[in-house]
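Here's the structure we're looking at; comments come further down.
Pasting the structure below:
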C-alpha cells in the first residue's frame, strides 16, 4: 500500500539527500510503500505520474488564458511544463522493478531508472543511518522506523527536521493497515506519542496566539479610550462616526498619534482631519 505525496518545484520541505538539488528543482511525486512493491504497483504509480503531468499542463494552459484572455487564437501556446519525477520508496529491494526499468545506483539506497523515464527508487534497507536520510527512513517500519525515531528525538528541538517530521508521519502513515506484529505495535505506539506531542504543541501555540491577540486588543482598546478621554477633558464633542472610528482602530501608532493631537485639539477635526 502506498500514500502519494506531491512535492512542488522548489519546496522548502524537499527531502535532504544528496539528490535534493535535483528533486527541489523539479516537481516530484513520492510513493512510499509499506511492503516491497511489485511491477504492478509501480505501473499504477507511473499512471499517476502521467495523470499529474496532464493536470500540470491543464493548469498551465488555464493560467496562460487568464493572463492573456484577449488573444485571437482559441488555443494559446502550450507553456513548458517540467515532467514530474516519480520517487518510489520501498522498504526492501524490489529486484523485479530494478531489473525491469534497468535502474542504476547513484548512491547507497538510491537508484535511477533508464533515461527518459523520470523515476527514482529509494530502498530504505540500503540507506545509511545518517541525518541526511532521516526523513526518508521515517517512512519505514519496524526496527528501521524505531531507529529513525530515536535519531529524530536526539536532534535539538529547533532543528528543521523536527518541524516537518511529525506532519510527514501523519501524512504518509494515515490509513496504513494496523500493525501485525508486537514490534510494529510498539513502534505505532511511539508514533502515536509523536502525534500527541505534535497536537499538544499546536494547541499550545494556538492558546499563546489567542493570549497575544487578546493582550494586543486590550492595549488598543485602552489607547482608544485614552483618546476619547483627552477629547472629553478638552470639552470637544465626539460624533458617533468619530467614536466608532477611534474605538475600531487597532494600530497602536495611529492611536498614539491621535492621542497626541487630542491633548491640544480645539475640535475633532484636529484629531481626525479626514473625517467626513
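Residue numbers (UniProt numbering): 1 to 276. All C-beta atoms, glycine included, are put in the ideal place defined by N, C-alpha and C.
In three-state DSSP terms, what is residue i?
i	result
residue 40	helix
residue 90	strand
residue 97	helix
residue 216	helix
residue 56	helix
residue 237	coil
residue 110	strand
residue 249	coil
residue 28	strand
residue 262	helix
residue 82	coil
To the nearest angstrom, how far is it from the Cα of residue i to the Cα of residue j?
i	j	result
residue 260	residue 241	20 Å
residue 255	residue 210	22 Å
residue 247	residue 196	41 Å
residue 33	residue 115	23 Å
residue 262	residue 271	6 Å
residue 98	residue 112	9 Å
residue 216	residue 253	13 Å
residue 205	residue 264	43 Å
residue 43	residue 214	54 Å
residue 57	residue 66	14 Å
residue 143	residue 221	57 Å
residue 31	residue 161	20 Å
residue 20	residue 121	Summary for residue 20: the model assigns pLDDT 42, below 50, so the residue's position carries little reliability; its value from the coordinates is reported in the next sentence. Their Cα atoms are separated by approximately 14 Å.
residue 207	residue 145	32 Å
residue 212	residue 126	48 Å
residue 46	residue 88	10 Å
residue 131	residue 59	36 Å
Got a sec? Which residues, its chain only, sit under 8 Å from residue i by beta carbon, not counting five neighbours each side?
i	result
residue 268	231, 236, 237, 238, 239, 242, 275
residue 128	108, 109
residue 227	246, 255, 258, 259, 262, 271
residue 147	129, 137
residue 95	none
residue 36	90, 91, 92, 93, 94
residue 250	216, 217, 220
Near residue i, what residues of its chain come up, given a Cβ to Cβ distance below 6 Å and the 5 sequence neighbours on each side ignored?
i	result
residue 123	90, 93, 109
residue 140	91, 124
residue 119	86, 113
residue 41	none
residue 157	none
For residue i, which residues in the same chain have their Cβ closer than 7 Å to its Cβ, ignoring the five residues on either side in sequence?
i	result
residue 49	29, 84, 86
residue 100	39
Does the structure place the region 128 to 138 close enough to the region 146 to 159 that three or more beta carbon pairs sit under 8 Å? yes
Whether or not the region 49 to 61 and the region 96 to 104 are in contact is what I'm after, with contact meaning three or more pairs of Cβ atoms, one per stretch, closer than 8 Å; do they touch? no
Go through the region 115 to 169 residue by residue and report every complete run of the alpha helix (DSSP H) that reaches 4 residues or more, in order. 134 to 137, 142 to 154
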